[in-house]
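Asks:
In this note's numbering, the protein residues as written are 0 to 140.
1) Could you name the residues that DSSP lists as bridge partners for residue 91?
2) Given this structure, state the Cα-to-Cα distance separating residue 86 from residue 113, to the nearest angstrom.
3) Taking 7 Å as the cut-off, decide whether the C-beta atoms of residue 83 and residue 100 are in contact.
4) Residues in its own chain within less than 8 Å of residue 89 by CB, not counting five upstream and five downstream?
5) In chain order, what residues of the same chain have a beta carbon less than 6 Å from the beta carbon of residue 52, not counting five sequence neighbours either side?
6) In the DSSP assignment, the alpha helix (DSSP H) including residue 54 goes from what residue to what residue?
7) At what residues does the alpha helix (DSSP H) containing residue 41 begin and finish?
8) Could you say which of 103, 97, 81, 80 lies nearest to residue 91 if we only look at CA atoms?
9) Which residues does DSSP list as the beta-bridge partners of residue 111?
10) Considering only C-alpha positions, which residue in the set 76, 44, 96 is nearest to residue 122?
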């Protein structure tokens, strides 16, 4: 199972971790609007080392490597750090990017969009707005 988990899929069974990607190095986020702040010590205890790397250190996972890239079980995808419900499984689709993609969010208040022009291309980072972590990246060439 990919350890780069940012989302959890909540089903009738145990929560299933969903692989996701993180910010590439060089990206910047404005953290002043975060509603929930966790201490780094708390996050290091609660998250796996790889979850911490992705959500706190702008790490990333290789495209198409996540175990749940093509996962289709019904449920609600929630932020791995703060538990905010972000996406319903019925809004998930294959974007061809190699990472989970969704065509709608549960609440527009739960998501923040940020432009990123690193690597010479325009990307839109879609992040959990309750704390500062990346959820999905969209690339525009």
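Glycine is no exception: its CB is placed at the ideal position from the N, C-alpha and C atoms.
Replies: So, to answer that:
1) BP columns for residue 91 point to 101.
2) C-alpha separation (whole angstroms): 18 Å.
3) The Cβ-Cβ distance between residue 83 and residue 100 does not fall below 7 Å.
4) Counting only Cβ-Cβ distances below 8 Å, and skipping sequence neighbours, we find 73.
5) Closer than 6 Å at the Cβ level, and outside the excluded window around residue 52, lie 58.
6) Start and end: 48–55.
7) For residue 41, the uninterrupted alpha helix (DSSP H) run begins and ends at 39–45, by DSSP.
8) Nearest C-alpha to residue 91: 103.
9) Answer is 126, bridged to residue 111.
10) Closest option to residue 122, Cα to Cα, is 96.
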